[in-house]
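> If you're matching them up, the sequences are chains R and L in order. Using my numbering, the first residue of the first sequence is number 80, and each one after it goes up by one. Using my numbering, the first residue of the second sequence is number 2, and each one after it goes up by one. Just so you know, even glycine gets a beta-carbon here, dropped at the ideal spot from N, CA and C. No experiment lies behind these values; they were computed from the predicted model shown.
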Amino acid sequence: MRVTDIAAFVGEYPYRELTHTSADWLIRQMDRVGIERAWVGYLPTLLHRDPAAGNARLHEEIAGYPGRLAAVPVVHPGLPRWEQDLNAAIEAGAPAVRVYPSYHALDPSGPEMRVLAAATAAAGLPVVLTVRIEDSRQRHPLDVGTDLPASSVRNLVRSDSELRLLVTHADRPFVEEVHFGLTPRESERVLWDFSWIWGPPENHLALLLTTVGIERFTLGTGMPLRIPDSAMAKLDLLDIADSERGRLLGGNLETWSAS
Amino acid sequence: MLIDVHAHFLTESSGRSDWRTLNSARFEAGARIGITVHVASILGSWGARSPVYFPSPDDVDRANDALIELMRAHREIRGYCLVNPNFIEHAMSEIARRIDQGMIGIKLAASRRADDFLLDPIARLAGQRRVPILHHVWHHRRRDWPGQEASDAMELALLAERHPETRFILAHLGGGGDWAHSLRVVRETPNIWIDLSGSGIDVDMLERALDVLGASRLLWGSDITMDTAWGKLRYLEVSGASAAELDLIRFGNARQIFPEGAF
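(1) Quickly, what does DSSP pair D324 (chain R) with across the bridge? List them, please.
(2) Would you mind telling me which residues of chain R sit closer than 9 Å to E208 (chain L), beta carbon to beta carbon, in chain order?
(3) Which residues of the segment 295 to 309 of chain R have a Cβ closer than 9 Å to any Cβ of chain L? Give them in chain order.
(4) Any C-beta of chain R sitting closer than 8 Å to the C-beta of I250 (chain L)?
(5) Give the residues from the segment 63 to 91 of chain L that approach chain R closer than 7 Å (Cβ to any Cβ), ordered along the chain.
(6) Kindly indicate which three-state DSSP category D272 (chain R) falls into: helix, strand or coil?
(7) Could you tell me the distance, in whole angstroms, from the CA atom of T100 (chain R) to the CA atom of T83 (chain R)?
(8) In three-state terms, what does DSSP make of F259 (chain R)?
(9) Could you name the residues of chain R that I193 (chain L) contacts, counting a contact when the two beta carbons are closer than 9 Å?
(10) Compare the C-beta of R163 (chain L) against all C-beta atoms of chain R and say whether one is closer than 8 Å.
(11) By a C-beta neighbour count over all protein chains shown, 10 Å radius and 16 as the cutoff for buried, is Q129 (chain L) buried or exposed?
(12) Suppose you measure from the CA of A242 (chain L) to the CA of Y81 (chain L); what does that come to, to the nearest Å?
(13) Take L317 (chain R) as the anchor and find which of R:H155, R:R243, R:Y92, R:T289 has the nearest alpha-carbon.
(14) Taking C-beta pairs closer than 8 Å, name the residues in chain R that I225 (chain L) reaches, listed in chain order.
(15) If I'm right that A210 (chain L) touches E246 (chain L) with Cβ under 8 Å, what's the distance once you round it to whole angstroms?
(16) Does R216 (chain R) have its Cβ less than 8 Å from a Cβ in chain L?
(17) So the beta strand (DSSP E) V207 (chain R) belongs to, where does it begin and stop?
(18) Which residues bound the beta strand (DSSP E) around D318 (chain R)?
(19) Can you pull the chain R neighbours of A30 (chain L), defined as C-beta to C-beta under 9 Å?
(20) Touch check for the segment 39 to 53 of chain L and the segment 89 to 102 of chain L: three-plus C-beta pairs under 8 Å?
(21) Going by the beta-carbon positions, is the gap between R326 (chain R) and I276 (chain R) smaller than 8 Å?
(22) Tell whether a beta-carbon distance below 8 Å holds between P187 (chain R) and D164 (chain R).
(23) Specify the secondary structure class of W231 (chain L) as computed by DSSP and reduced to three states.
(24) CA-CA distance, T247 (chain R) and A285 (chain R)?
(25) Under 7 Å from any heavy atom of the ligand NAP, does the C-beta of R107 (chain R) make it?
(26) Report the partner residues of D84 (chain R) according to the DSSP bridge assignment.
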């Protein structure tokens with residue numbers, strides 16, 4: 080099992096000056112907290128009209144760490160010939176693709192997203208959906224990208240029986256609304272990162288590991304927007320065996336990816 | 002030593018049947034993190050009988066009574082006296098009474114804007130009794146939010162500037178809103194310290210806080226997410242802060258701004 084972060088980024092963030100944006104910094108943090116591999120997005124593509132150039136830049140930015148950093152390109156299903164970007168991702172060996180319907184001004188479970196869902200499902204490629212990049216309370220006044228609605232995750236899962244979704248930065252109510260709004264077979268196709276779920280004293284994460292199931296969660300830090308230490312602290316505050324910790328840090332992802 | 006300057010407890014009047022579980026969870030997590038002292042408040046009835054941020058005088062009394070009981074039962078708890086400034090006579094008498102009973106600070110949540118002159122007697126009394134005021138803040142509040150009359154750093158700074166002898170703690174830098182706005186404000190207001198609590202864990206928030214204010218103005222706290230608080234402490238330990246600076250954040254600054262002998 081390799082400890083894997085499915086929600087890391089490189090690059091500048093459009094709405095505030097980040098203190099660290101490089102792959103080198105990301106690698107240093109991963110080494111520090113024990114993360115072996117990261118699935119990496121490129122933050123500037125969040126607002127680019129066409130993600131293709133940003134996707135190419137992402138590959139350049141992380142090229143120095145082929146065994147550690149895997150590019151997760153963006154696909155914008157509202158653009159003409161978006162299939163070419165999806166094909167490029169597949170040919171590059173991407174473990175998943177990212178899509179930001181709120182920032183692409185797309186209905187998050189509308190026709191464009193459903194076509195993307197079908198295409199990625201046919202290709203066997205998971206889709207990374209981000210519930211929120213930043214806490215809505217701190218966003219720039221011109222950052223009008225809304226949080227992903229939980230209903231869109233349910234609708235997308237139901238739209239194609241082979242679609243698999245990695246949903247990052249969801250909190251307890253979001254996870255519960257989706258999980259208990261799907262059949263058990265449908266829920267198996269969703270994997271959640273646990274970094275935005277509260278630890279003690281509310282202990283939302285401990286609860287969800289019991290009610291939703293430990294197999295449904297994996298690591299996604301949000302670096303370099305967010306520190307990785309909080310996700311690790313959440314695990315250290317759980318009463319779980321080392322084997323269960325291993326599942327949360329990468330074992331579940333490997334099992335889910337192979338299924 | 003590790004002092005959590007922003008903790009909360011619940012009581013049987015808090016409207017939650019799991020209140021004991023939550024209190025126990027705070028102690029258990031605190032032990033694992035290494036927290037030596039929880040400086041806590043109880044926000045009235047937590048909405049059960051009056052709003053969380055607009056507690057009735059009755060609920061203020063009960064909450065402070067309950068906190069005194071907790072302080073007596075647990076040596077690691079210290080207390081902030083909660084008040085609602087809209088009931089100013091009650092607030093003033095409550096502060097005097099609770100400090101006499103051993104509380105070491107005042108908690109102002111979001112019942113009245115921080116720059117309102119109604120708060121002046123409270124700020125003056127805090128200065129006279131040498132107890133800090135922990136003030137709930139919504140960073141760069143651009144509008145009113147439901148359920149609270151939140152203040153931002155600029156509004157707290159106006160109060161602090163009128164009372165330079167009083168020490169203020171700007172609550173939860175990671176607690177929501179544009180934290181960069183608060184750092185910019187507080188830099189020029191030396192009698193305001195910032196607590197790092199809240200669910201927000203932005204890398205640049207921590208690094209900028211250190212750069213802009215320096216370790217001598219930062220306090221460690223958890224509020225209602227102890228996991229993020231521990232994460233921030235761990236990050237600070239490797240972010241270039243010296244051992245002396247870390248000690249200031251962990252406990253040194255708290256020792257300076259709370260009454261002598263509080264810890």
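For this structure:
(1) Note on residue identity: the sequence assigns Arg, not Asp, to residue 324 (chain R). According to DSSP, residue pairing for R324 (chain R) in a beta bridge does not occur.
(2) T98, H99
(3) G301, M302, P303, L304, R305, I306, P307, D308, S309
(4) I250 (chain L) does not count as touching chain R.
(5) For the segment 63 to 91 of chain L, which is checked against every Cβ of chain R, not one residue is closer than 7 Å.
(6) strand
(7) 19 Å
(8) In this structure, F259 (chain R) counts as coil in the three-state DSSP scheme.
(9) Chain R residues near I193 (chain L): none, gap ~20 Å exceeds 9 Å.
(10) Under the Cβ criterion of 8 Å, R163 (chain L) is not counted among the residues facing chain R.
(11) exposed
(12) 29 Å
(13) R:T289
(14) Residues of chain R passing the Cβ test: W277, P280, E281.
(15) That pair is no contact at about 12 Å.
(16) yes
(17) It spans 206 to 209 - the beta strand (DSSP E) in which V207 (chain R) sits, taken as one unbroken run.
(18) Counting along the chain, D318 (chain R) sits inside no beta strand (DSSP E), nor does DSSP assign it H or E at all.
(19) G278, P279, P280, N282, L316
(20) no
(21) Result no, Cβ atoms of R326 (chain R) and I276 (chain R) do not sit closer than 8 Å.
(22) no
(23) helix
(24) 18 Å
(25) As for the ligand NAP, it is missing from this structure, which has no ligand bound.
(26) R:A117
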